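Just so you know, we're using the working numbering here: the sequence shown kicks off at 911 and counts up by one. Comments concern the structure below.
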Amino acid sequence: MTNSDQSALDKKNIDTVLVLDFGSQYTQLIARRIRELDVFSIILPWDISKKRIVEMNPTGIILSGGPESVTKNNTPRIPEVIFDLEIPILGICYGMQTLAEQFGGQVTASKRKEFGHASIILDKVSILFDGFDAGSSIDVWMSHGDHVSTLPEQFDLVASTPSAPIAAMAHSEKPIYALQFHPEVTHTKEGSVILENFVFKICHCKTQWKMENLIEQRILDIKERVGENKVLLGLSGGVDSSVTAMLLDRAIGKNLICMFVDNGLLRKNEAEDVENLFKEKMDLNLLVIDAKKIFHRHLKGVSDPEQKRKVIGRTFIDIFDNESAKLKDDINFLAQGTIYPDVIESSESESKEARVIKSHHNVGGLPDDMKMDLVEPLRDLFKDEVRRMGAELGLPLEMLNRHPFPGPGLGVRILGEITPEKVMTLQNADAIFIEELIKANLYHQVSQAFCAYLPVKSVGVVGDERRYADVIAIRAVETVDFMTATWAKLPYDFLGHVSNRIVNEIEEISRVVYDISSKPPATIEWE
Ligand code: XMP
């Protein structure tokens, strides 16, 4: 990891709640909830070095849940250095169990996993539950197998349920608390109150994580790091690279060179829209590389999906390399729109200090003789924070709230061989579908929507004419994390209207179908 990333993530000199990750699916949510309170929070793996923890100088620590069992040997434990820091600690689920065990309590493996809603009864007034009286009942979300069966010495029982008699506990002298349930998920209705109590009444954090300050701070950091040097940024038109561009533009102006590669697989008018916004309206230093012909030449005759992805990826890297080599005497830094979930998802980057280039976001390798340092000013931000930053920096809302678009573009939405003609047909069909979704106020009710091109000929009759042509599939899904998704139940009338428009306005299409597959087993894209 380069120095820049470390300094972007650490040493913020603002109050910080460190979340030690024991592998829970909810770990990211904990940090997001804390940041929603305008307090900085960062996630590190439970086995991070003592030195990093001490350097970070956290104001409080939250121990996440996790899939392991403390009843087994060689499962994760809390690093002892945390107890030496004498700062507030909150253990959640696995975090509670290992805390209990490390303080001499007992954890028992249950045969049945408790998963779902439960009601805890507060046995004792505690500052963590400030606002609730003893005896109150609170609806919470449980997801655990093991439970604490014997309180450690020096700990008091705070709350219980019939199936988890020790549902919350607190140290009698130190600011150490633990919860069997998950305050970070919205199913725990009062979860935010509990986290607020921890952050403000126990850790006494100040609200220093504010978007306005953050933008100003980032601009200063970039100026300090980059100085009078030039920075190259691969702009994809997506939210992350666009916000990175705006931030760098504010910091270094014309010393930022943005490169946008038109691969001939973009949405209708996308290259023009990007050029118009960033070059004409915002006056950024933008190079648009028209590589449509090169991509289509390389894709000729390729119909295997994996092969198509490889060709698209490789061609992108070649073009980016060639074009940046032309500028090479000038450029010292490469900027990337890496965001926090990318960093967490490649979590070895923290444990093993490995660098992972965000390859799917269009920036691949660079020529060996180009020694460029990375600038990643969004590296510690969640997507919603990136969007808020983009809005403050003046990026249009349509762009910030657009559905995701894959790096290989329409290349993953055309089955079989890709040709410029099919791309144009698909662009036109997709533009009709999206335009109608927006008009019907349905665009933001689905998470992702698009058309796919199926090279299957079928007979249709349009007007008086028989037409033997290909098929367009309409896809719209609802999802939170894009890992699983359900097909959107769009109104029949609406679907009928879109289908009519596509067949009437696009000669190359004789039939439209609606994709009613969910993920799994299907994927969101068609390839
Ligand atoms: P699948 O098709 O795997 O897609 O269910 C899940 C999400 O990922 C997007 N996707 C990609 N995004 N580069 C990207 O940047 C890619 O190669 C890529 N492939 C799929 C897809 O659009 C959906 O949102």
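Glycine included, each C-beta is placed from N, C-alpha and C at the ideal position. Owing to the predicted nature of the structure, the values given are computational and were not obtained by experimental measurement.
With contacts defined by Cβ atoms closer than 8 angstroms, residue 1141 and residue 1371 do not form a contacting pair. Taking residue 1303 as the centre and dropping the five residues before and after it, the same chain places the C-beta of 1125, 1153, 1156, 1157, 1160 closer than 8 angstroms to its C-beta, in chain order. With a cutoff of 7 angstroms, residue 1434 counts as near the ligand XMP, since its C-beta is closer than that to a heavy atom of the ligand.
Excluding five sequence positions before and after residue 1390, none of the CB atoms of its chain fall closer than 7 angstroms to its own CB.
Spanning the alpha carbons of residue 1326 and residue 1215 requires a straight line of approximately 8 angstroms. Relative to the ligand XMP, even the nearest heavy atom lies 7 angstroms or more away from the CB of residue 1021. Taking C-alpha positions only, residue 937 is separated from residue 974 by approximately 6 angstroms.
In the same chain as residue 1065, and ignoring 5 residues on each side of it, the C-beta atoms closer than 6 angstroms to its own belong to 1079, 1081, in chain order. Counting along the chain, residue 1014 sits inside no beta strand (DSSP E), nor does DSSP assign it H or E at all.
By the C-beta density criterion, residue 1355 is exposed, having fewer than 16 other C-beta atoms within 10 angstroms.
Within the same chain, Cβ atoms closer than 7 angstroms to the Cβ of residue 1341 are found at 1178, the five residues on either side in sequence being excluded. Judged by DSSP secondary structure, residue 1319 falls outside any beta strand (DSSP E); it is assigned neither H nor E. At least one heavy atom of the ligand XMP falls within 7 angstroms of the beta-carbon of residue 1318.
The DSSP assignment places 1149-1162, 1180-1184, 1202-1209 as complete runs of the alpha helix (DSSP H) inside the stretch 1143-1221, in order along the chain (cut-off: 4 residues). Within the model, the alpha-carbon separation for residue 1418 versus residue 1379 is close to 6 angstroms. When beta bridges are read from the DSSP output, residue 1001 appears opposite 973, 1088.
Considering only 1181, 1433, 1187, 1031, the residue with the shortest C-alpha distance to residue 1201 is 1181.
Where residue 1327 is concerned, there is no enclosing beta strand (DSSP E), because DSSP gives it neither an H nor an E. Following the DSSP letters along the chain, one finds residue 938 inside the alpha helix (DSSP H) bounded by residues 937-946. Residue pairing from DSSP leaves residue 1059 without any beta-bridge partner. Assigned with DSSP and collapsed to three states, residue 1355 falls in helix. Here residue 1188 is buried, its C-beta having at least 16 other C-beta atoms within 10 Å. A Cβ-Cβ distance of about 6 angstroms is found for the pair residue 1427 and residue 1397, placing them in contact under the 8 angstroms criterion. The stretch 1308-1317 and the stretch 1136-1150 touch, with no fewer than 3 CB-CB distances between them shorter than 8 angstroms. Of the other Cβ atoms in all chains shown, 16 or more fall within 10 Å of the Cβ of residue 1094; this residue is therefore buried. By the CB criterion at 8 angstroms, residue 1018 and residue 1057 fall inside the cutoff. Contact between residue 971 and residue 928 holds, with the beta-carbon distance rounding to 5 angstroms and staying under 8 angstroms. Unbroken beta strand (DSSP E) stretches of 3 residues or longer found wholly inside the stretch 1017-1055: 1024-1032, 1047-1054, given in chain order. Counting C-beta atoms within 10 angstroms of its own C-beta, residue 1319 has 16 or more neighbours from the protein chains shown and is therefore classed as buried. Here residue 1375 carries a strand assignment [DSSP, helix/strand/coil].
Closer than 7 angstroms to some heavy atom of the ligand XMP: that describes the Cβ of residue 1314.
For the 8 angstroms CB-CB criterion, residue 1033 and residue 1088 do not form a contact. Inclusion of residue 1322 in the 7 angstroms shell around the ligand XMP follows from its C-beta lying nearer than that to a non-hydrogen atom of the ligand. Residue burial annotation: residue 1217 is exposed, with fewer than 16 other C-beta atoms found within 10 angstroms of its C-beta.
Note that the C-beta distance between residue 1209 and residue 1328 is below 8 angstroms.
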